[in-house]
Structures are given as structure tokens and as C-alpha cells.
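What follows is a set of notes on a single structure, which appears directly below.
Numbering (this note's numbering), first residue to last: 161 to 370.
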């Protein structure tokens, strides 16, 4: 009887294991239903080396094993977003555990996330001579707004610090600190007045949140 139960689990692969069966952010796993990173709630496709494995391995721009994520936790991203699996899993967990419950039934509930930016080969805040951004490594996503079922949005630019929507945004900002290594919002600097920046950088001293 033990063999009969164990064999189907082998066929199903590592997607039943937490975090997709181990490995870091650069080990995407595809399910038979269009999921990636060993998690059926993360929908998209495996991209592989993006855009150039030579660049990625030399410490420059690029993601050694990238995925293009289109949906997390039942919530659609406004554009397919290139990232590694660690970032995809962190985003998915935050959406299910924190974002969706925080918004609740406002506007009929969350249907989408308006993505301002994902992978881009650039420096931090586009500043000349600055260090490479986590966007350049597939570890970051910028969120401009939460899209609701009635067609309205909770906009970082328009609703930060304003009424109920502003309170929700502050709650989302706080809840992301810890799951993500860096969390930046409108009060961090002028570059983030219209979006949240989330990334999975390991600073070595805990999360950096402003």
C-alpha cells in the first residue's frame, strides 16, 4: 500500500514541496497547467536565461533562470513580468496572505495588479554611476496600483495617505516588509512617489523598508 501511494507523488514532481522542492530563485519548475516555480498559483512560462546567460553569470544584467509571471494567487498582473522564482514565490505569498485580505470587498475585491516595472537592465533609480538595480537581476517588481472588480483602482500616486484607500496602502507597505528584502514607497524618496518597489535582495542585516 505504501508503494501505491508513493508512486503517484513521484510522478507529480516537486511541486508539492514547499518552495517548489528547494533550490534558489534560479530554478524554475513548470507544471502541466501553465504554472511555474513549482507552485500552481503562479501562472506564466519559463523563459530561461534572460537576456544573456553570459551577462548574468558575470555579475551584470540578466537572470540565469527567468520566468515570465502573468498571475499570482488568482490575481492577474497587468503585464507579463520577468523575475526569478524566489521573487515570484514571495510575491505570490504576499498577495494571498496580505494583499487580498487587506483589500477585502472594497470595489468588489482585487482582480489585478498594475505593474509599473519588472526586469530592466539599469542602475538604481536610473542614476549614472550607481549600482545595478535589483530590477537588473530579476529580483524586483514595482506596483503602481491595485485593480478592483468595479473598474476602480487603489493607486499609490493618487491614494497614498487619503482615506480608506490610503490606510490600505499603508497596511500593504508594512506587510511587505520582511517577506521582501527591500520595500520602498512614496515616503522613501521622489523616485517612488507613484509606486511601491519590492525586491528580494538579502542585505545581510534584515529588510530595508521606507
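By construction, the Cβ of each residue, glycine as well, lies at the ideal position given by its N, Cα and C atoms.
Put simply, the backbone Cα of residue 319 is about 11 Å away from that of residue 306. Burial state of residue 309 is exposed, judged by a 10 Å Cβ sphere holding fewer than 16 other Cβ atoms. The beta carbons of residue 250 and residue 360 sit about 6 Å from each other, so the pair counts as a contact at 8 Å.
Comparing C-alpha distances from residue 350 to each of 285, 299, 221 and 335 shows the shortest one belongs to 285. Rounded to the nearest whole angstrom, the C-alpha separation of residue 252 and residue 233 is 6 Å. Contact between residue 369 and residue 296 fails: their C-beta atoms lie close to 21 Å from each other, not under 8 Å. Residue 304 holds the alpha-carbon nearest to the alpha-carbon of residue 355 among 304, 342 and 334.
For residue 199, the secondary structure class from DSSP, reduced to helix, strand or coil, is strand. Cβ-Cβ distances below 7 Å link residue 333 to 343, 345 and 356 in the same chain, with the five nearest sequence neighbours on each side left out; the list follows chain order.
Residue 247: member of the alpha helix (DSSP H) spanning 245 to 254, first to last residue. Closest in C-alpha terms to residue 314, from the list 198, 270, 206 and 201, comes 270. Collapsing the DSSP output to three states places residue 233 in coil. The alpha-carbon of residue 323 is positioned some 13 Å away from that of residue 331. Around the beta-carbon of residue 302, 16 or more other beta-carbon atoms lie within 10 Å, marking it buried. At the C-beta level, residue 228 and residue 241 come within 8 Å of one another. Here residue 238 is actually not in contact with residue 282; their C-beta atoms are around 20 Å apart, not less than 8 Å.
Under the DSSP assignment, residue 274 falls in the beta strand (DSSP E) whose first and last residues are 270 to 277. Cβ contact annotation for residue 326 (same chain, cutoff 7 Å, sequence separation greater than five): 319 and 320, in chain order. Taking a 10 Å sphere around the C-beta of residue 231, we find 16 or more other C-beta atoms and assign the residue as buried.
Within the region 286 to 345, the runs of alpha helix (DSSP H) that reach at least 4 residues and sit entirely inside it are, in chain order, 316 to 319 and 323 to 336. Around the CB of residue 287, fewer than 16 other CB atoms lie within 10 Å, so the residue is classed as exposed.
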